[in-house]
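First up is the structure itself, then whatever we jot down about it.
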Amino acid sequence: QKILDANHIYITACGTSWHAALIGSYIIEELLNVPVKVEYASEFRYRETAVNTDSVVICVSQSGETADTLAAIRKAREKGALTLGIMNVVGSSIARETHCGVYIHAGPEIGVASTKAFTAQVTIFNLIGILLAQKKNSDVEIIKTIINDLGILPRLVQSVLDQGNHISAIAQDFIDVENFLYLGRGYQFPVALEGALKLKEISYIHAEGYPAAEMKHGPIALIDDNMPVVFIVTHKGYDKIVSNIQEVRARGGKIIIISSVMNKELENYSDHIIQVPKINHCLQPVLTTIPLQILAYH
Ligand code: F6R
Numbered sequence: 003q004k005i006l007d008a009n010h011i012y013i014t015a016c017g018t019s020w021h022a023a024l025i026g027s028y029i030i031e032e033l034l035n036v037p038v039k040v041e042y043a044s045e046f047r048y049r050e051t052a053v054n055t056d057s058v059v060i061c062v063s064q065s066g067e068t069a070d071t072l073a074a075i076r077k078a079r080e081k082g083a084l085t086l087g088i089m090n091v092v093g094s095s096i097a098r099e100t101h102c103g104v105y106i107h108a109g110p111e112i113g114v115a116s117t118k119a120f121t122a123q124v125t126i127f128n129l130i131g132i133l134l135a136q137k138k139n140s141d142v143e144i145i146k147t148i149i150n151d152l153g154i155l156p157r158l159v160q161s162v163l164d165q166g167n168h169i170s171a172i173a174q175d176f177i178d179v180e181n182f183l184y185l186g187r188g189y190q191f192p193v194a195l196e197g198a199l200k201l202k203e204i205s206y207i208h209a210e211g212y213p214a215a216e217m218k219h220g221p222i223a224l225i226d227d228n229m230p231v232v233f234i235v236t237h238k239g240y241d242k243i244v245s246n247i248q249e250v251r252a253r254g255g256k257i258i259i260i261s262s263v264m265n266k267e268l269e270n271y272s273d274h275i276i277q278v279p280k281i282n283h284c285l286q287p288v289l290t291t292i293p294l295q296i297l298a299y300h
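In case it helps, our numbering puts the sequence shown at residues 3 to 300.
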């Protein structure tokens, strides 16, 4: 009830979990119509915030042990906030020190890079969003769609995983490249950040993620035929992102498109396309992130 009554929510995390938190903030704002602020735990813990006894502070952590996230949640508790954890590791410090929470039960992350934890975190934010929205009697149509799409999500994830060979072949074209740009809008902006982080972490290739429309405010200066650009395209905001693609095309940038839309226009504008199934926009990041993880891997 306290979460439902909250007039503002903070979400705090680090790294990949922060990217999932950003998507989570979009979901909660959309489904519950409450303002949500996302903070890097390493900033939040040292900053004077407006957190008080009316605040709800959600933290996201795969390991449940990240020092900054743990410190952020301790600070929120000291200020009297209700704290909620979204963790993977059962019994971890953050799980013990939050008032309540959810385990994502993604299984152990074997490699350094957080991958299945990210998609599970996004899925959990959908579950939290629909649970709270149901209790608040918010827009039932979107809730029904998300519930339905959660049912088919495993099959759709498998269909993306099945494209491993195609994605590996694309990666061969870029092994000598030193920089990458990832661009997305709306729910796909955090996906762009995550795609760039995975490439840095796994392939040691410099990469940046940006909101696609921000490109023209600086990064566009970097685009030439040595700068591949990965665009994440979905039905939501399609026309807007196509105009961003045209801008990159005009400067000779190599274009890889991850898309839930398939048409001749995109084929004409891109060097490579990876198609993903279309699903509700709150869940779509699950399907658009996986090809980026596989691309970074190869
Ligand atoms: C990226 C990655 C890191 C973690 C970050 C937070 O692949 O693994 O960016 O996401 O260190 O870790 P957790 O989620 O355990 O708090």
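Yeah, the Cβ is synthetic: ideal placement off N, Cα and C, and Gly gets one too.
Residue i CB to nearest heavy atom of the ligand F6R below 8 Å
i: Lys118; result: no
i: Ser19; result: yes
i: Lys39; result: no
i: Gly302; result: There is simply no residue 302 to check, as the chain begins at 3 and stops at 300 in what is shown.
i: Leu133; result: no
i: Lys200; result: yes
i: Ser205; result: no
i: Gly66; result: yes
Secondary structure of residue i, DSSP reduced to three states
i: Gln277; result: strand
i: Glu196; result: helix
i: Val62; result: strand
i: Met229; result: coil
i: Asn182; result: Contrary to the premise, residue 182 reads as Phe rather than Asn in this sequence. Strand.
i: Ala8; result: coil
i: Ala15; result: strand
C-alpha gap between residue i and residue j, whole angstroms
i: His208; j: Asp178; result: 12 Å
i: Ile25; j: Gly188; result: 9 Å
i: Gly113; j: His21; result: 18 Å
i: Ile169; j: Thr55; result: 48 Å
i: Leu6; j: Thr147; result: 22 Å
Candidates the options: closest to residue i by CA position
i: Thr18; options: Thr85, Pro37, Ser116; result: Ser116
i: Lys256; options: Val59, His21, Ser140, Asp226; result: Asp226
i: Asn9; options: Ala15, His21, Ile30, Leu297; result: Ile30
i: Gly131; options: Phe120, Thr121, Ala119, Ile144; result: Ile144
i: Thr68; options: Met89, Val58, Leu133; result: Met89
i: Phe182; options: Ser65, Val232, Asn150; result: Val232
i: Thr236; options: Arg251, Met229, Gly153, Ala214; result: Ala214
Review point. Would you call the region 276-283 and the region 204-223 in contact, with 3 or more CB pairs under 8 Å?
Key: no
Check your understanding: Three or more C-beta pairs closer than 8 Å, one from the region 33-44 and one from the region 77-86: is that the case here?
Key -> no
Review point. Between the region 256-273 and the region 286-297, do three or more beta carbon pairs fall short of 8 Å?
Key: yes
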